[in-house]
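Colleague: I have a structure I would like to understand better, so I am pasting it below and will then ask my questions one at a time.
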Amino acid sequence: MFKITLSPAERSYLHESLSCLSPIRPDARLNKQFRPLEATCSFLPGSNGSARIRMADGAECLASVKAKVVSLQLNNANSAQHLKNLIEVDLDINGIRDDSNLSSTIASSLKGSLVKHIPLEKLRLTHRYAFKLFIDIVVLSHSSVYPLTLLSLATYMALKSTKLPLLTSTVNDRDIEEQPMFSDDWESSLALFGDSSLSPPLLFVVAVVKDNIFIDPSPEEESVSENGICLTYANGKIISPLQTISLSPKDNTGINSAQILKAHALVKEIGPLVVKSLDEIVSDDSIKTIF
Amino acid sequence: MELYSPEGLRVDGRRWNELRRFYCRINTHPIVADGSAYVEAGNTKIVCLLNGPHEPTRSQMNTQKGSLDIKLHVSPFSTTERRKVTRNDRRIQELSTILKNTFEQVVILKNYPRTIIEVNVRVLAQDGGLLAACCNAITLALVDAGIALYDYISAVSAGVFDNQILLDLNRLEEQDLSSVTIGVVGKTKKLSLVLSETRLPQDRLAKVFEVAVNGCHQLKDQMDAQVAKKGREKAITEELKTNWVQ
Amino acid sequence: MPPSTKRLNNGLSVTTKVFVRSRNGGATKIVREHYLRDDVACYSKLCDQCEYSLETTPVLSHVPFSTAKLTKHYLILDTNIVLNAIDLLEGSQALFDVIIPQTVLEEVRNRSYPIYTRLRGLSKADAKRLIVFHNEFCKNTFVARQKGETINDYNDRLIRKVGEYYNSHLSNYGVKVFLLTDDKDNLKKCKDEHILALSLREYLGQLPNSEDLLDTLPSAQDDLQVAEFKYAEYYSQSRLIAGVKSSVLFQGPMNVSSYDIFEGTINLPSIFPKPILVRGRQNMNRATNGDLVVVELLPKSQWVAPSNDIVDETTLGNADNEDNDLIISDQERRLLNKEARRAQMEDESKLQPSAKVVGVIRRRWRLFTGQLSPNTITTNTNALNSCLVTLSEKSMPAVRIKTRKANDLLNMRIVVAIDDWPGTSKHPEGHFVRTLGPIEDKDTEQEALLLEHDVEYRPFSKNVLDCLPKEGHEWIVPVDLSSDEQLKKRRDLRDKLVCSIDPPGCVDIDDALHARKLPNGNFEVGVHIADVTHFVKPATALDQEGASRSTSVYLVDKRIDMLPTLLGTDLCSLKPYVDRFSFSVIWELDEDANIINVDFMKSIIKSREAFSYQDAQDRIDDSSNNDELTQGMRSLLALSKKLKKKRMDAGALNLSSPEVKVHMDSETSDPGEVEIKKLLDTNSLVEEFMLLANISVARKIYDAFPQIAMLRRHAPPPSTNFEALNEMLHIRKGMTISVENSRALSDSLDRCVDKNDEYFNTLVRIMATRCMMAAEYFVSGNFSYQEFKHYGLAADIYTHFTSPIRRYCDVLAHRQLAAAIGYEPLHPIQRDKTKMDLIVKNMNRRHRNAQFAGRASIEYYVGQVIKNTESSQEGYIIKVFTNGIVVLVPNFGVESLIKLEDMGDESSGLFDEKEFKLSFNDKIGNKRELHVFDKVTVYMKSVLNEMTGKRKAVFLLK
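Shown next as structure tokens:
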């Protein structure tokens with residue numbers, strides 16, 4: 001993580017230009033424009049799904065999804081809580097301790113939004129067995145205070161590229177126990193999101209400066225923003241959670257509904273575009289070298 | 001599966017003295033690191049980020065020479081079965097210490113008093129030869145950062161199957177055979193790193209070293225080629241820039 | 001999408017293999033690198049394109065085998081051919097210039113490790129010109145797996161690719177390459193793809209000696225099967241694994257009763273205190289003796305009592321339970337299992353928890369010997385006959401084979417292999433392998449015996465013999481002892497008055513002894529063991545052969561050596577009057593035979609004399625003889641008696657087996673008479689010191705190698721083993737045997753004396769021996785120290801060290817001891833615990849087989865003796881059934897069953913289970929009562945069993 005130190009004059013200039021009616025971003029981007037980013041997926045042959053995202057400023061994140069067969073406790077196999085346990089999210093941010101506040105908050109908010117949008121019934125193998133997904137996210141470097149967008153892009157792609165081995169033994173083992181058996185052919189494994197109507201959520205962080213909102217804020221922009229909003233996008237809709245976050249040490253000035261509506265509209269506009277371009281990368285499923 | 005068939009082929013189809021596919025890149029993370037490298041040895045994949053030399057953040061200051069800090073991060077998904085390894089894991093600490101001791105011999109630390117060089121090694125996938133791949137990645141990151149070195153350290157593992165020596169073991173071989181990892185300084189026969197965690201027959205030791213040293217030299221050539229290539233690219237960019245300015 | 005291939009330098013490229021491994025219910029994605037190369041040689045001598053490294057040379061012939069129709073050709077074998085026709089492949093009649101694709105080798109290895117080893121053996125020998133072609137590593141023959149392709153289809157495609165490659169690769173040299181496969185689908189695909197392929201039958205049909213060859217093939221699978229029977233289908237693999245894991249089903253080796261092939265037991269000591277019973281044809285469900293099976297308990301209503309009847313296949317009707325198709329849940333099964341356990345513990349009824357076989361994990365099928373049942377041969381022509389073969393192993397069912405030579409095979413002892421047991425066939429299906437010779441012929445029976453017990457009796461191969469010293473019999477201990485570093489470490493003990501004491505005519509002398517009184521009044525006693533490991537170096541062909549044979553096998557008139565004769569009877573044998581290398585244990589013992597000091601060393605000795613037990617005894621007893629050697633022997637004898645007393649006091653067991661010795665008439669080599677083995681003091685002299693040496697060595701090597709020391713243990717018998725015997729003793733004689741510890745057992749055995757019958761005590765000992773556990777070899781790391789105990793010898797720790805010429809354990813112990821005293825380091829192979837575990841497993845098996853073979857050999861000869869001397873003999877009843885008794889005749893050491901119908905009126909039979917009593921009216925109408933332990937007189941004669949071709953003692957009760 002870099003420290004951005006701007007002089008008061010620079011800060012004031014930057015703040016001014018971002019709060020104009022037609023704001024000017026330092027790199028001349030539109031407010032709905034992402035910086036160029038690099039994305040690769042399926043680069044970890046040993047994982048069921050994997051992805052890597054690198055932003056233009058060098059912020060970089062790897063995500064891996066590994067599935068493991070676990071046995072379910074029979075009596076509460078159907079309880080929602082139990083199924084939620086089939087997803088585990090683990091976050092490792094370079095330079096930040098695993099047990100720090102930041103990582104655990106991000107991990108739990110990520111998990112919270114994921115459980116609702118992963119087709120859990122597809123993880124269920126039989127009455128007694130299910131796949132458990134281990135989603136491991138490694139942030140090699142980041143510049144934003146809140147690298148949520150980065151994380152969610154990588155997670156999105158990793159999940160979309162996730163394939164699960166094909167069960168060949170019987171599905172009904174309620175009364176007579178059977179050990180699950182799988183096809184040894186990896187090619188015949190099934191995509192987790194194959195024919196599902198669900199789609200993993202994407203989290204977008206926008207910076208709020210006066211009445212303007214900016215997608216993919218650069219560190220400089222973050223440092224002069226008054227507020228941040230994190231929005232979740234899935235299946236063409238903005239969904240919960242939606243939360244405000246503070247991107248800069250500046251005093252928060254509070255947020256008004258107009259700003260939220262603007263952010264809402266912005267994300268709704270760019271969401272499908274982001275999904276489309278990421279899905280294009282995912283559909284090429286050969287094994288790659290990342291660097 | 002036969003680890004070494006009477007026809008002289010190993011589980012993955014190599015002969016006894018053949019290295020696995022070795023792929024390396026330097027300067028992979030130019031923005032966030034002062035030196036960076038990526039190494040694949042077969043299916044073992046390592047990213048190495050290096051920052052420094054810069055002022056130490058804590059009381060790590062040494063007025064005589066620079067200090068070297070090597071941190072090894074093993075990703076939970078790097079093994080076939082997911083396994084979360086904490087940073088305090090004994091084995092990880094041991095490997096970090098071994099790497100640090102190894103590189104303190106070749107980095108000219110006296111050139112960098114009152115500074116620290118921080119190296120983060122990230123293991124993305126493991127398929128045997130972990131320590132060797134880490135070594136090679138660190139060497140490349142150091143070169144990329146332009147830090148003064150006496151020479152490269154290139155490393156490889158070698159093992160013994162019955163009486164046959166096998167070079168550069170993959171995970172299957174590593175599990176079943178006794179093996180040693182060695183690191184060699186430049187094109188010499190000087191060993192800067194020797195680690196063997198299994199029994200090795202004493203009478204085969206000399207031969208094992210000979211084969212492994214040879215493997216290290218081959219790796220050094222490949223790493224050299226990558227560095228030279230990156231150098232040429234840089235030179236061209238620089239030239240373009242200067243011409244542009246003129 | 002198939003993984004991409006990257007080209008590396010020097011003719012190498014790399015791709016990845018990605019697959020899913022289901023193991024223990026998991027599904028793990030496995031990714032492996034797979035290198036493809038352009039330098040995989042074709043091994044044909046015709047080809048001038050392929051290059052070879054220094055160690056390898058082409059193998060496939062310049063002038064390959066040819067027939068009129070097929071012309072000159074090489075062969076590629078598919079997996080099914082190797083698995084079904086490995087015997088043919090090993091024989092010298094057909095199949096030369098053979099290419100085994102790596103794919104086939106791997107498949108064979110997964111299906112049958114023994115056949116894989118045999119195949120690998122063929123690739124090392126030159127005779128058949130067989131090579132392994134690593135097709136999956138060869139750039140020209142590798143193909144990636146297609147999406148949705150099963151692994152079998154993929155492997156078939158890989159193999160076809162080899163055929164295609166070889167034919168184009170060798171197209172300029174006038175040789176064709178045929179793929180032999182019996183997989184119909186694969187044959188058809190070959191045809192479609194224009195790849196030369198034949199079924200094995202088609203191929204053999206082209207050969208001049210096709211008639212004989214075709215007969216040795218497994219019956220063709222495509223014959224229309226008439227469903228003569230319907231067995232229940234086995235459960236699916238996943239069901240079996242999950243069921244066993246959750247203790248709903250149980251897995252264990254099937255133990256088929258030798259009285260009834262449809263009654264078996266499964267021992268699950270950790271779950272059920274008593275074995276689980278499986279009874280009836282349907283419940284046995286095609287399981288044969290020794291198979292690893294999975295069973296499921298039957299509902300309580302179907303539990304049965306263990307049979308007190310004697311049943312063999314001929315008398316058994318179809319008394320099976322009706323199939324109940326009720327589906328019950330695992331939950332209910334668990335309750336049933338609990339109930340079964342309780343029933344066994346409480347023992348309130350004689351009903352035993354019974355089970356049925358629901359799956360076979362691993363067959364223990366090997367080659368079996370047997371003979372054709374004459375009544376199953378239908379035609380007299382040479383048409384293909386389907387007939388039954390009765391196997392010599394009583395606990396195996398008859399095997400159905402198809403042959404054209406049925407009439408030639410009558411009254412011959414033949415070897416058959418079992419191939420399959422389909423659910424629709426009453427009998428397992430097999431094929432004829434070869435003829436051993438006429439039934440009852442001495443050589444035939446001996447070979448059958450060896451085969452039956454899996455004893456390797458073929459002569460040593462050239463590879464093995466090449467490891468022997470080049471000097472042969474001329475080899476001598478070097479004169480200059482300082483010439484060699486290792487030699488310098490040896491102690492020169494040639495001044496010691498060493499002698500050996502063995503059975504008369506012994507040529508492989510393992511051990512020699514000496515004793516000397518020391519000035520301080522103590523004794524110096526030395527045990528010198530032949531230094532076999534000087535000649536048998538680790539990891540050589542000789543060593544591997546020794547490890548594989550594990551023991552010499554002693555038959556009545558034949559010895560199958562573990563090591564070549566040159567070593568066993570000459571170079572290693574501690575013959576008198578010559579210098580020999582030995583491994584010595586030297587103690588200082590005090591007056592009472594306590595060990596003051598012990599020392600181990602490699603040495604050189606010169607034995608002064610080789611005594612027989614009798615000679616040694618005579619010499620000791622001859623008070624006029626007072627030379628030093630005799631004095632030494634007397635000291636040894638005195639000390640050995642003290643050692644023996646100590647051992648007995650500690651609770652060593654004196655058990656008995658009806659050991660008899662067959663005297664051979666040397667002129668005709670026909671067995672003359674049978675004699676019970678006699679023991680002299682000198683027998684026990686040698687034995688005591690060997691025990692002492694073994695114990696001392698065991699301690700030493702365990703100290704040096706706590707994880708891998710090669711030891712021998714004898715577990716205490718579980719008290720349940722003695723239950724039946726104890727009940728008989730209690731009811732019939734009012735005696736009990738106590739089994740808390742070996743001391744108690746030993747004492748209680750001593751008390752089992754019948755004043756009126758001297759032999760009774762021995763009888764009890766014989767029966768007690770049968771209740772004991774077998775001693776076994778083990779690697780020290782596998783047990784805790786408390787479990788090392790040798791129950792029979794009452795020793796804390798024990799090993800075999802003293803007979804390295806005839807036991808492989810001793811060879812290992814020698815190497816470990818040599819390493820422990822710093823003579824030479826241990827070879828890495830012997831430091832590897834997993835490898836040691838394998839060796840030990842094999843040793844235990846071979847050792848057991850050798851014992852069985854020895855006993856069977858005696859049995860055969862006793863049968864021959866009885867044939868010549870029918871007579872009345874005294875015998876003891878040792879078992880009583882509802883319809884018969886078992887009688888043991890001590891003079892001949894044989895036991896046999898007498899059926900009620902042969903003793904008297906069957907309908908009058910009354911069996912009192914509590915009293916072990918069978919009462920009936922005999923042939924002349926007198927009432928008779930027979931109890932267990934009763935002494936009876938029987939008329940003994942020997943009868944040839946028409947079914948098995950084996951001669952058996954038959955008793956008639958007088």
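Protein chains in written order, with UniProt numbering: chain C, 1 to 291; chain V, 1 to 246; chain P, 1 to 958.
The C-beta atom is built at its ideal place from N, Cα and C for all residues, glycine as well.
Values in this document were obtained by computation on a predicted structure and should not be read as measured data.
#1: Thinking C-beta only, is S742 of chain P closer than 8 Å to A794 of chain P?
#2: For chain P, check one thing: does any of its Cβ atoms lie closer than 8 Å to the Cβ of R83 of chain V?
#3: Tell me which residues of the UniProt domain "Exoribonuclease phosphorolytic" (18-147) of chain V have at least one Cβ-Cβ distance to chain P shorter than 8 Å, keeping chain order.
#4: With burial defined as no fewer than 16 other Cβ atoms inside 10 Å of the residue's Cβ, what is the status of K606 of chain P: buried or exposed?
#5: Note down, one range per segment and in chain order, each alpha helix (DSSP H) of at least 4 residues found wholly within the region 463-548 of chain P.
#6: Would you kindly check if the distance between the Cβ of K84 of chain C and the Cβ of F131 of chain C is under 8 Å?
#7: For S44 of chain P, which option in P:V132, P:I86, P:L95, P:V14 has the closest C-alpha, if you only look at C-alpha atoms?
#8: In terms of DSSP beta bridges, what is S742 of chain P paired with?
#9: State yes or no: is the beta carbon of V138 of chain C nearer than 8 Å to at least one beta carbon in chain V?
#10: Please tell me whether L177 of chain V has its Cβ less than 8 Å away from any Cβ of chain P.
#11: Which residues mark the beginning and the end of the alpha helix (DSSP H) in which Q816 of chain P is found?
#12: Expressed to the nearest angstrom, what Euclidean distance is found between the alpha-carbon atoms of I898 of chain P and K426 of chain P?
#13: Along the UniProt domain "Exoribonuclease phosphorolytic" (33-165) of chain C, where does the CB come closer than 8 Å to a CB of chain V? Name the residues.
#14: Out of curiosity, what's the CA-to-CA distance linking R129 of chain P and L60 of chain P?
#15: Report the three-state DSSP secondary structure of A133 of chain V (helix, strand or coil).
#16: Below 8 Å between beta carbons: does that hold for K22 of chain V and L44 of chain C?
#17: At which residue ranges does the region 585-632 of chain P contain complete beta strand (DSSP E) runs of 3 or more residues, listed in the order of the chain?
#18: Can you check whether the CB of V209 of chain C is closer than 8 Å to the CB of I229 of chain C?
#19: Whose Cβ in chain P lies nearer than 7 Å to the Cβ of M223 of chain V?
#20: Anything in chain V within Cβ reach of E106 of chain P, meaning under 8 Å, just list it in chain order.
#21: How long is the line joining the alpha carbons of L180 of chain P and Y74 of chain P, rounded to whole angstroms?
#22: Can you find at least 3 beta carbon pairs, one from the region 225-240 of chain C and one from the region 193-207 of chain C, that sit closer than 8 Å?
#23: I'd like the span of the beta strand (DSSP E) that includes V358 of chain P, first residue to last.
#24: Does S283 of chain C have its Cβ less than 8 Å from a Cβ in chain P?
#25: Where are the alpha helix (DSSP H) runs, 4 residues long or more, that stay fully inside the region 898-951 of chain P, in chain order?
#26: Taking DSSP as the reference, what is the three-state secondary structure of K580 of chain P?
#27: Name, in chain order, the residues that DSSP records as bridge partners for I138 of chain V.
#28: Measure from the alpha carbon of S179 of chain V to the alpha carbon of each residue in V:R199, V:A148, V:I70, V:M223, then state which is nearest.
#29: Measure the C-alpha to C-alpha separation of L131 of chain V and C216 of chain V and round it to an integer number of angstroms.
#30: Got a sec: is the Cβ-Cβ distance from F19 of chain P to anything in chain C below 8 Å?
#31: Could you tell me which chain P residues have their CB closer than 8 Å to the CB of D185 of chain C, listed as they occur along the chain?
#32: Name the chain P residues that come within less than 7 Å of L9 of chain V, Cβ to Cβ?
#33: Within 8 Å, do at least three Cβ pairs link the region 551-571 of chain P to the region 789-806 of chain P?
#34: Take the Cβ of G231 of chain V as the centre, count every other Cβ of all protein chains shown within 10 Å, and call the residue buried at 16 or more, exposed below.
#35: Quick one: grab the DSSP three-state call for M735 of chain P.
#36: Mind checking which residues open and close the alpha helix (DSSP H) that includes N761 of chain P?
Modeller: Taking the structure as given:
#1: Locating residue 794 of chain P in the third sequence gives position 794, counting from the first residue. Locating residue 742 of chain P in the third sequence gives position 742, counting from the first residue. Yes, Cβ-Cβ distance for A794 of chain P and S742 of chain P is below 8 Å.
#2: Sequence index remark: in the second sequence, residue 83 of chain V carries index 83 (1-based). No, R83 of chain V does not count as interfacial toward chain P.
#3: Of all residues in the UniProt domain "Exoribonuclease phosphorolytic" (18-147) of chain V, E18, R20, R21, G42, N43, T80, E81, D127 have a Cβ within less than 8 Å of some Cβ in chain P.
#4: Working through the third sequence from its first residue, we reach residue 606 of chain P at position 606. K606 of chain P is buried by the Cβ-count criterion.
#5: Runs of the alpha helix (DSSP H) lying entirely within the region 463-548 of chain P, each at least 4 residues long, are 485-488 in chain order.
#6: Position 131 of the first sequence, counted from the start, is the residue given in the question as residue 131 of chain C. Position 84 of the first sequence, counted from the start, is the residue given in the question as residue 84 of chain C. Result no, Cβ atoms of F131 of chain C and K84 of chain C do not sit closer than 8 Å.
#7: Translated into positions along the third sequence, residue 44 of chain P becomes position 44. Distances from the alpha-carbon of S44 of chain P to those of P:V132, P:I86, P:L95, P:V14 put P:V132 closest.
#8: In the third sequence, residue 742 of chain P corresponds to position 742, counting from 1. Beta-bridge analysis with DSSP links S742 of chain P to no other residue.
#9: Here the question's residue 138 of chain C lines up with position 138 in the first sequence. Among the CB atoms of chain V, one or more fall inside 8 Å of the CB of V138 of chain C.
#10: Residue 177 of chain V sits at position 177 when you count from the first residue of the second sequence. Chain P, which has no Cβ nearer than 8 Å to the Cβ of L177 of chain V, makes this no.
#11: To locate residue 816 of chain P, count along the third sequence from 1; it is residue 816. Here the alpha helix (DSSP H) through Q816 of chain P covers 808-820.
#12: Numbered from 1 along the third sequence, position 898 holds the residue referred to as residue 898 of chain P. Numbered from 1 along the third sequence, position 426 holds the residue referred to as residue 426 of chain P. Taking the Cα positions, I898 of chain P is about 29 Å away from K426 of chain P.
#13: Within the UniProt domain "Exoribonuclease phosphorolytic" (33-165) of chain C, contact with chain V at the beta-carbon level (separation under 8 Å) is assigned to L44, P45, G46, S47, S50, D57, G58, A59, E60, L62, S64, K66, K68, D90, D92, N94, D98, F134, D136, V138, L140, S141.
#14: In the third sequence, residue 129 of chain P corresponds to position 129, counting from 1. In the third sequence, residue 60 of chain P corresponds to position 60, counting from 1. Cα to Cα, the separation comes out at about 6 Å.
#15: As a working mapping, residue 133 of chain V is identified with position 133 in the second sequence. Residue state, collapsed to three classes: helix.
#16: Along the second sequence, one-based indexing puts residue 22 of chain V at 22. Along the first sequence, one-based indexing puts residue 44 of chain C at 44. According to the sequence shown, residue 22 of chain V is Phe rather than Lys. Result no, Cβ atoms of F22 of chain V and L44 of chain C do not sit closer than 8 Å.
#17: The region 585-632 of chain P contains these whole beta strand (DSSP E) runs: 595-612.
#18: By 1-based counting over the first sequence, the position of residue 229 of chain C is 229. By 1-based counting over the first sequence, the position of residue 209 of chain C is 209. No, the pair does not count as a contact, with Cβ atoms beyond the cut-off.
#19: For the purposes of this step, residue 223 of chain V is identified with residue 223 of the second sequence, where counting begins at 1. Residues of chain P whose Cβ lies closer than 7 Å to the Cβ of M223 of chain V do not exist, since the nearest Cβ in that chain is about 15 Å away.
#20: By 1-based counting over the third sequence, the position of residue 106 of chain P is 106. The answer, in chain order, is M1.
#21: On the third sequence, position 180 is the one that residue 180 of chain P refers to. On the third sequence, position 74 is the one that residue 74 of chain P refers to. Near 10 Å, if we compare the C-alpha coordinates of Y74 of chain P and L180 of chain P.
#22: Enough Cβ pairs lie closer than 8 Å, so yes.
#23: Position 358 of the third sequence holds residue 358 of chain P. Annotation: the continuous beta strand (DSSP E) that includes V358 of chain P extends over 355-362.
#24: Counting from 1 along the first sequence, the entry for residue 283 of chain C is found at position 283. By this cut-off, S283 of chain C is not an interface position.
#25: Taking only runs of at least 4 residues, the alpha helix (DSSP H) segments lying wholly in the region 898-951 of chain P are 900-903.
#26: Here residue 580 of chain P refers to the residue found at position 580 when the third sequence is read from its first residue. It is worth fixing the name first, because residue 580 of chain P is Arg in this sequence and not Lys. Note: R580 of chain P maps to strand in three-state DSSP.
#27: Locating residue 138 of chain V in the second sequence gives position 138, counting from the first residue. None; I138 of chain V has no bridge partner.
#28: One-based indexing of the second sequence puts residue 179 of chain V at position 179. S179 of chain V has its Cα closest to that of V:R199, out of V:R199, V:A148, V:I70, V:M223.
#29: What you label residue 131 of chain V is simply residue 131 of the second sequence in a count that begins at 1. What you label residue 216 of chain V is simply residue 216 of the second sequence in a count that begins at 1. Using only the alpha carbons, I get a separation of about 13 Å.
#30: What you label residue 19 of chain P is simply residue 19 of the third sequence in a count that begins at 1. Taking a beta-carbon distance threshold of 8 Å, F19 of chain P counts as an interface residue toward chain C.
#31: Locating residue 185 of chain C in the first sequence gives position 185, where the first residue counts as 1. Those are F19, V20, R145, K147, G148, E149, T150, I151, listed as they occur along chain P.
#32: Along the second sequence, one-based indexing puts residue 9 of chain V at 9. Result: H134, F137.
#33: Contact holds: three or more Cβ-Cβ distances are below 8 Å.
#34: Against the second sequence, residue 231 of chain V aligns to sequence position 231. With fewer than 16 Cβ atoms within 10 Å of its Cβ, G231 of chain V is classed as exposed.
#35: Within the third sequence, residue 735 of chain P is the residue found at index 735, counting from 1. M735 of chain P: coil per DSSP, three-state reduction.
#36: Your numbering for residue 761 of chain P matches position 761 in the third sequence. If you look at N761 of chain P, you'll find it in the alpha helix (DSSP H) that goes 759-769.
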